[in-house]
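Trainee: Okay, so the sequence shown: first residue is 0 according to numbering that gives the first Met the number 0, each after it adds one.
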Amino acid sequence: MKLSEKKATLSFSDGSNPVEFPVYQGTVGPDVIDIRKLYGQTGMFTYDPGFLSTASCESAITYIDGDKGQLLYRGYPIEQLAVNCDFMETSYLLLNGELPNEKQKADFNHQVTYHTMVNEQMQFFLRGFRRDAHPMAIMTGLVGAMAAFYHDSTDITNPEHRHISAIRLLAKMPTLVAMTYKYSQGQPFIYPQNDLSYTGNFLRMMFATPCEDYKVNDVVERALDRIFILHADHEQNASTSTVRLCGSSGTNPFAAIAAGVACLWGPAHGGANEACLNMLEQIQANGGIAKVGEFMEQVKDKESGVRLMGFGHRVYKNYDPRAKLMQETCKEVLTALGLENDPLFKLAMELERIALEDPYFVERKLYPNVDFYSGIVQRAIGIPTSLFTAIFALARTVGWVAQWNEMISDPAYKIGRPRQLFTGEIARDVVEISKR
Ligand code: ACO
């Protein structure tokens, strides 16, 4: 970061001395006021619940301009990556800062492919869960448990260990998600097959059985690969910040990524695509397109507590660029699978049309986010709704790892320790229990 000539001055209405703070500039985006010395100089903290105005770190990985609807991974627009690159190239880019050349790509593919198998003992650990457990409950456990199975790569001060952990996490997530699915179905686990692509391999582990050959459908493979690219990173969102905060204590990467998985589970974050599809199914069950108007009235009524899931975003105050790409993919997949007349897709298009014209949404700058169409694509592919967030976790793992590695590699990093504005009881004496 670059020191700006500009400085920020904080003055007080009680006549105490003003305090000056340095201002830093990034390569693009808002400048930041460096308030690290604020407490030392004034005895005060800043108050910013939800981090509405706080940059928690310096990062060179992902940039979002929410007003323009722009998303860049290492400077490359998401629209170009989604069309010209596959998920492996995107992962290499996020982890290493540059797109790979052909040899680098082949080497990276090879390394990831040859780490896709998981320790055989992991399946016995998995079998300890109830068959009807939510996949995210299982994934939180499995990812955390990787620290026990791959303890030989948990020295975070060793760059070689960090690299091996990154490859292991990226490579084994599809295997673990597919095993979680197979377990819920009571079907045998399918081992990875090394002549398939990352995404093709995942599809096979999900949908093949030992009883017959499985042929990967090209359109479906491309669509899922695109879902992975679009979800690979999104700068300092809740789960990524969780990974950074958890990792800042010096814990191992598997524990830090497990914390990210747990955070992603929430319906305001990764759980939104599951919530969005459930919402579409419910509207469909209640009368479909004819009832869309009624549903929108409920959404606009604050008392109802109903939100239009898949709409709105903390950062994007314009169309989420990923939503446009997802809508294209959605059409492609439905056509390829002969589902052009899918009622939920029609319903989603109608909800979007109404919302984009309705003053409630226009005034609040609420646009479709990536989750609005991704659920329909996944459902068409045959992925059950309860697995959507696990797929998101699979795709986001590379972003989490890249962000965690960036933090650990910075010699100046510190354990994260937010402060608080205390409003509870002040010191008081414990009264003996019989007298309370
Ligand atoms: N439906 C109806 N109203 C909404 C919606 C929505 N989906 N989203 C926001 N609003 C309204 C709020 O009620 C609020 O109105 P008000 O100003 O009259 O009080 C205003 O828009 C601003 O909303 P906030 O919740 O303050 O915005 P915030 O930036 O905190 O929240 C969030 C963003 C959580 C994503 C929100 O838009 C939401 O809940 N959306 C639905 C869930 C969803 O799709 N999440 C996916 C996020 S993307 C991802 O994680 C990959």
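Note that the Cβ used here is the ideal one computed from N, Cα and C, for glycine as well.
When you compare each of 342, 167, 270, 118 to residue 291 by their alpha carbons, which one comes out closest?
Mentor: Position 292 of the sequence shown, counting from 1, holds the residue named residue 291. Ranking 342, 167, 270, 118 by Cα distance to residue 291 puts 342 first.
Trainee: Please name the residue or residues paired with residue 23 in a DSSP beta bridge.
Mentor: Position 24 of the sequence shown, counting from 1, holds the residue named residue 23. DSSP lists 2, 31 as partners of residue 23.
Trainee: Starting from the C-beta of residue 420, find all residues in its chain whose C-beta is less than 6 Å away, skip the five residues before and the five after it, and write them out in chain order.
Mentor: Numbered from its first residue, the sequence shown carries residue 420 at position 421. These residues qualify, in order along the chain: 46.
Trainee: Measure the beta-carbon distance from residue 167 to residue 190 and round it to whole angstroms, keeping in mind my assumption that it falls under 8 Å.
Mentor: Within the sequence shown, the letter at position 168 stands for residue 167. Within the sequence shown, the letter at position 191 stands for residue 190. Wrong, their Cβ atoms sit about 16 Å apart, outside the cutoff.
Trainee: Evaluate residue 259 with the Cβ neighbour count: other Cβ atoms within 10 Å of its Cβ, from every protein chain shown; 16 or more gives buried, anything less gives exposed.
Mentor: Your numbering for residue 259 matches position 260 in the sequence shown. When all chains shown are included, residue 259 counts as buried.
Trainee: Pull the bridge partners of residue 70 from the DSSP assignment, please.
Mentor: Against the sequence shown, residue 70 aligns to sequence position 71. Per DSSP, 63.
Trainee: Nearest CA to the CA of residue 332: which residue from 220, 192, 319, 112?
Mentor: Numbered from its first residue, the sequence shown carries residue 332 at position 333. Closest by alpha carbon: 220.
Trainee: When every heavy atom of the ligand ACO is checked, does at least one fall within less than 7 Å of the C-beta of residue 160?
Mentor: For the purposes of this step, residue 160 is identified with residue 161 of the sequence shown, where counting begins at 1. Outside the cutoff, so no.
Trainee: Do residue 1 and residue 21 have their C-beta atoms closer together than 8 Å?
Mentor: For this step, residue 1 is matched to residue 2 along the sequence shown. For this step, residue 21 is matched to residue 22 along the sequence shown. The answer is no: Cβ separation not under 8 Å.
Trainee: Consider the C-beta atom of residue 308 and the heavy atoms of the ligand ACO; say whether any pair is separated by less than 7 Å.
Mentor: Position 309 of the sequence shown, counted from the start, is the residue given in the question as residue 308. Indeed, a heavy atom of the ligand ACO lies less than 7 Å from the Cβ.
Trainee: Three-state secondary structure (DSSP) at residue 366?
Mentor: Locating residue 366 in the sequence shown gives position 367, where the first residue counts as 1. Correct three-state label for residue 366: coil.
Trainee: The alpha helix (DSSP H) that contains residue 399, what's its start and end?
Mentor: For the purposes of this step, residue 399 is taken as the residue at position 400 of the sequence shown. Counting along the chain, the alpha helix (DSSP H) containing residue 399 begins and ends at 387-408.
Trainee: Whole-angstrom Cβ separation of residue 376 and residue 165, contact assumed at under 8 Å?
Mentor: Taking the first residue of the sequence shown as position 1, residue 376 is located at position 377. Taking the first residue of the sequence shown as position 1, residue 165 is located at position 166. About 27 Å separates the two Cβ atoms, so there is no contact after all.
Trainee: Would you mind sorting residue 209 into buried or exposed? The rule is 16 or more other CB atoms within 10 Å of its CB.
Mentor: For this step, residue 209 is matched to residue 210 along the sequence shown. Classification of residue 209: exposed, given that the 10 Å Cβ count is below 16.
Trainee: Taking the continuous alpha helix (DSSP H) assigned at residue 352, which residues delimit it?
Mentor: Position 353 of the sequence shown, counted from the first residue, corresponds to residue 352. Run containing residue 352: 342-356, per the alpha helix (DSSP H) assignment.
Trainee: Could you tell me if the beta carbon of residue 9 falls within a distance shorter than 7 Å of some heavy atom in the ligand ACO?
Mentor: Walking along the sequence shown from the start, residue 9 turns up at place 10. Because no heavy atom of the ligand ACO lies under 7 Å away, the Cβ of residue 9 does not count as near it: no.
Trainee: Between 145, 179, 24, which lies nearest to residue 386 when the distance is taken from Cα to Cα?
Mentor: As a first step, residue 386 must be located in the sequence shown, where it is residue number 387. Closest option to residue 386, Cα to Cα, is 179.
Trainee: Within the segment 173-259, note down every full alpha helix (DSSP H) run reaching 4 residues or more, in order along the chain.
Mentor: If we require 4 residues or more, the alpha helix (DSSP H) runs fully inside the segment 173-259 come out as 197-206, 217-229, 237-246.
Trainee: So for residue 98, helix, strand or coil by DSSP?
Mentor: Taking the first residue of the sequence shown as 1, we reach residue 98 at position 99. Coil, per DSSP.
Trainee: Let me check understanding here. Comparing Cα to Cα, which of 35, 176, 227 lies closest to residue 206?
Mentor: Position 207 of the sequence shown, counting from 1, holds the residue named residue 206. Selected option, being the one with the closest Cα: 176.
Trainee: Below 8 Å on the Cβ atoms is my contact criterion, and I expect residue 173 with residue 181 to pass it. Report the Cβ-Cβ distance as a whole number of Å.
Mentor: As a working mapping, residue 173 is identified with position 174 in the sequence shown. As a working mapping, residue 181 is identified with position 182 in the sequence shown. Not really, about 12 Å apart at Cβ, beyond 8 Å.
Trainee: Would you say residue 298 touches the ligand ACO, meaning its beta carbon is less than 7 Å from a heavy atom?
Mentor: On the sequence shown, position 299 is the one that residue 298 refers to. Yes, Cβ of residue 298 sits closer than 7 Å to a heavy atom of the ligand ACO.
Trainee: Does DSSP classify residue 18 as helix, strand or coil?
Mentor: As a position in the sequence shown, residue 18 is number 19, starting the count at 1. Three-state result, residue 18: strand.
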